[in-house]
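Numbering (my numbering), first residue to last: 59 to 457.
Everything on this sheet refers to the single structure shown next.
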Ligand code: HH2
């Protein structure tokens, strides 16, 4: 696996739309289209033989490949590479690479898949008979039924209060309500299974019948997820990224969507000096591995959602890098969920305490949507819904 990622987040399908307007009947329309989009793909750990062949074949196709020092003179075993070209040049390049020896065929297959994934925008989630069409931005409203969550702890732990809050969020535009019984804020202590279930079980029982929208359970405990799904909950949100094989089995057996989130370490220690060589590449690689393991464990590909885990074992700068490069996560071929709402890195930028995070949260959500996030996990449903309506109208294709 070369962990391929398409780098260019700014090329827009609008170019194609303009081509179609200007020259709808042009002969060779496909050729024009293939020249319209320039894409850069970064690959990790490519052997020097494949890297040299790739350079030769992309130069021969009209593009180019950047390789690391020591590739041309074979003094480095492996290198990261960046392939540069238009779609048409990629087509030629991939055809040529498929005929080459060593790992060239596998490399071509991975690049082709990443390019296809990157352009995909037709995601739909089936949550037990309810369809969530991700052609428009979707809001996951946060309902923490914990005594200690960082911004809404202790407010909704009775079923009546939880139901009122959930109904208010649905009225404000929430498409899914995410119920969590264990805080994962930095430094939070883990909660025992029965305690977590004591918090969420009675509330889920009420919500499942009363809410018109699907419910997601925010837990990393397979047994909590199993009980919630048995009650009729439609989705699992696992901040440990389906790392537990039992959780994979539970999700597969119930055939529901699951969010695979990246976290480094666990909440108790995750903010103690988190370090990455290449945070975007490492988080992407993690999500690629975990989604592949989930699919191998029987979870349908079309059931998975990925999340870079903003604030989970990351410095403020790591969070900004992940959000800036969010479009690269489209290379994985799964819809992207992002949770930036009221998170600490926003206060780091604005100097505000959590009560003053509203505008910052909305700005980050809208920009994450622009870069490819399709589900936004938020506390402030009404203002975020309004902001995303505007963002969507601005970004909509062929508007
Ligand atoms: N963030 C939190 C909890 N669950 N799930 C996903 N998929 N993505 C996130 O970014 C995410 C998450 C933390 O926020 P919150 O629920 O508001 O706080 P707490 O963990 O203290 O309950």
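Glycine is no exception: its CB is placed at the ideal position from the N, C-alpha and C atoms.
Entirely enclosed beta strand (DSSP E) segments - the segment 279-347, minimum 3 residues: 293-296, 316-319
Under 7 Å Cβ to Cβ from residue 439, same chain only, skipping five residues before and after it: list those, please. On the chain shown, residue 439 is found 381 positions in, with the first residue counted as 1. Closer than 7 Å at Cβ, skipping near neighbours: 197, 199, 227, 230, 231, 232.
Return the chain-ordered list of same chain residues with a C-beta closer than 7 Å to the C-beta of residue 402, the five sequence neighbours on each side being excluded. Reading the chain shown from its first residue, position 344 is the one you call residue 402. Cβ within range, chain order: 369.
For residue 443 and residue 307, what's the separation of their Cα atoms in angstroms? Against the chain shown, residue 443 aligns to sequence position 385. Against the chain shown, residue 307 aligns to sequence position 249. Roughly 34 Å separates the two Cα atoms.
Return the residue from the list 248, 395, 333 that minimises the CA-CA distance to residue 295. For the purposes of this step, residue 295 is taken as residue 237 along the chain shown, with counting starting at 1. The shortest Cα separation from residue 295 among 248, 395, 333 belongs to 395.
If you follow the beta strand (DSSP E) that residue 142 is in, where does it begin and where does it stop? On the chain shown, residue 142 is found 84 positions in, with the first residue counted as 1. Residue 142 -> beta strand (DSSP E) spans 136-144.
How big is the Cα-Cα spacing for residue 265 and residue 218? Stepping through the chain shown from its first residue, residue 265 is reached at position 207. Stepping through the chain shown from its first residue, residue 218 is reached at position 160. Taking the straight line from one Cα to the other gives about 10 Å.
Below 7 Å CB to CB, which residues in the same chain sit around residue 78 once its five sequence neighbours on both sides are set aside? Along the chain shown, read from residue 1 onward, the residue named residue 78 stands at position 20. Closer than 7 Å at the Cβ level, and outside the excluded window around residue 78, lies no residue.
Beta-carbon gap between residue 182 and residue 190 smaller than 8 Å: Along the chain shown, one-based indexing puts residue 182 at 124. Along the chain shown, one-based indexing puts residue 190 at 132. Contact: yes.
What separation, rounded to the nearest whole angstrom, lies between the Cα atoms of residue 249 and residue 345? Here the question's residue 249 lines up with position 191 in the chain shown. Here the question's residue 345 lines up with position 287 in the chain shown. When rounded, the distance between both Cα atoms is 25 Å.
Just mark residue 356 as buried or exposed, buried being the case when its beta carbon has 16 or more other beta carbons within 10 Å. Taking the chain shown and counting its residues from 1, the one referred to as residue 356 is at position 298. That one is exposed.
Check residue 105 in the structure and name its three-state DSSP category. Taking the first residue of the chain shown as position 1, residue 105 is located at position 47. Note: residue 105 maps to strand in three-state DSSP.
Are the beta-carbon atoms belonging to residue 332 and residue 322 less than 8 Å from one another? What you label residue 332 is simply residue 274 of the chain shown in a count that begins at 1. What you label residue 322 is simply residue 264 of the chain shown in a count that begins at 1. Yes.
Please identify the residue among 124, 75, 83, 176 whose C-alpha is closest to the C-alpha of residue 390. On the chain shown, position 332 is the one that residue 390 refers to. When only C-alpha atoms are compared, the closest one is 176.
Which stretch, first to last residue, makes up the beta strand (DSSP E) that contains residue 236? Counted from its first residue, the chain shown places residue 236 at position 178. Counting along the chain, the beta strand (DSSP E) containing residue 236 begins and ends at 234-238.
Going by DSSP, what residue range makes up the alpha helix (DSSP H) through residue 274? In the chain shown, the residue the question calls residue 274 occupies position 216. Residue 274 -> not in any alpha helix (DSSP H); beta strand (DSSP E) instead, spanning 273-276.
Determine the closest residue to residue 150 out of 405, 170, 76, with distance taken between C-alpha atoms. Taking the first residue of the chain shown as 1, we reach residue 150 at position 92. Comparing Cα-Cα distances from residue 150 to each of 405, 170, 76, the minimum goes to 170.
Say whether the segment 369-388 touches the segment 408-419, bearing in mind that this needs 3 or more beta-carbon pairs closer than 8 Å, one atom from each stretch. no
Does DSSP classify residue 113 as helix, strand or coil? For the purposes of this step, residue 113 is identified with residue 55 of the chain shown, where counting begins at 1. Looking at residue 113 - three-state DSSP - the assignment turns out to be helix.
What did DSSP end up calling residue 199 once you bin it into helix, strand or coil? The sequence position of residue 199 within the chain shown is 141, counting from 1. Residue state, collapsed to three classes: strand.
Beta carbon of residue 152 nearer than 8 Å to that of residue 292: On the chain shown, residue 152 is found 94 positions in, with the first residue counted as 1. On the chain shown, residue 292 is found 234 positions in, with the first residue counted as 1. Cβ atoms of residue 152 and residue 292: not closer than 8 Å.
I need the DSSP call for residue 408, collapsed to helix, strand or coil. On the chain shown, residue 408 is found 350 positions in, with the first residue counted as 1. Helix at residue 408.
Cβ neighbour criterion (16 or more within 10 Å) applied to residue 172: Within the chain shown, the letter at position 114 stands for residue 172. Burial call: buried.
Straight-line CA distance for residue 398 to residue 281? Residue numbering aside, residue 398 sits at position 340 when the chain shown is read from its first letter. Residue numbering aside, residue 281 sits at position 223 when the chain shown is read from its first letter. If you take the alpha carbons of residue 398 and residue 281, they lie about 27 Å apart.
For residue 353, does the three-state DSSP call read helix, strand or coil? Residue 353 sits at position 295 when you count from the first residue of the chain shown. If DSSP states are grouped into helix, strand and coil, residue 353 belongs with the helices.
Closer than 7 Å to a non-hydrogen atom of ligand 1 - does that hold for the CB of residue 295? Position 237 of the chain shown holds residue 295. The answer is yes for residue 295.
Using DSSP with H/G/I as helix, E/B as strand and the rest coil, what is residue 81? Here the question's residue 81 lines up with position 23 in the chain shown. Residue state, collapsed to three classes: coil.
Is there at least one non-hydrogen atom of ligand 1 closer than 7 Å to the beta-carbon of residue 197? Numbered from its first residue, the chain shown carries residue 197 at position 139. Residue 197 Cβ: outside cutoff for every heavy atom of ligand 1.
Under the three-state DSSP convention, the category residue 421 falls into: By one-based count along the chain shown, residue 421 stands at place 363. Three-state DSSP puts residue 421 in a helix.
Tell me whether residue 160 is buried or exposed, calling it buried when 16 or more other Cβ atoms sit within 10 Å of its Cβ. In the chain shown, counting from the first residue as 1, residue 160 sits at position 102. By the neighbour-count rule (16 or more Cβ atoms within 10 Å), residue 160 is not buried but exposed.
For residue 206, which residues in the same chain have their Cβ closer than 8 Å to its Cβ, ignoring the five residues on either side in sequence? To locate residue 206, count along the chain shown from 1; it is residue 148. Contacts found: 212, 241, 243, 246.
Hey, would you say the C-beta of residue 349 is under 7 Å away from at least one heavy atom of ligand 1? Taking the chain shown and counting its residues from 1, the one referred to as residue 349 is at position 291. Residue 349 Cβ: outside cutoff for every heavy atom of ligand 1.
Any heavy atom of ligand 1 closer than 7 Å to the CB of residue 202? Mapped onto the chain shown, residue 202 falls at position 144. True, at least one ligand heavy atom lies under 7 Å from that Cβ.
Within 10 angstroms of the Cβ of residue 114, are there 16 or more other Cβ atoms? Answer buried if so, exposed if not. By one-based count along the chain shown, residue 114 stands at place 56. Residue 114 comes out exposed.
Between the Cα of residue 143 and those of 97, 101, 137, 104, spot the shortest distance and give me the residue it belongs to. Translated into positions along the chain shown, residue 143 becomes position 85. When each option's Cα is compared against that of residue 143, the closest is 97.
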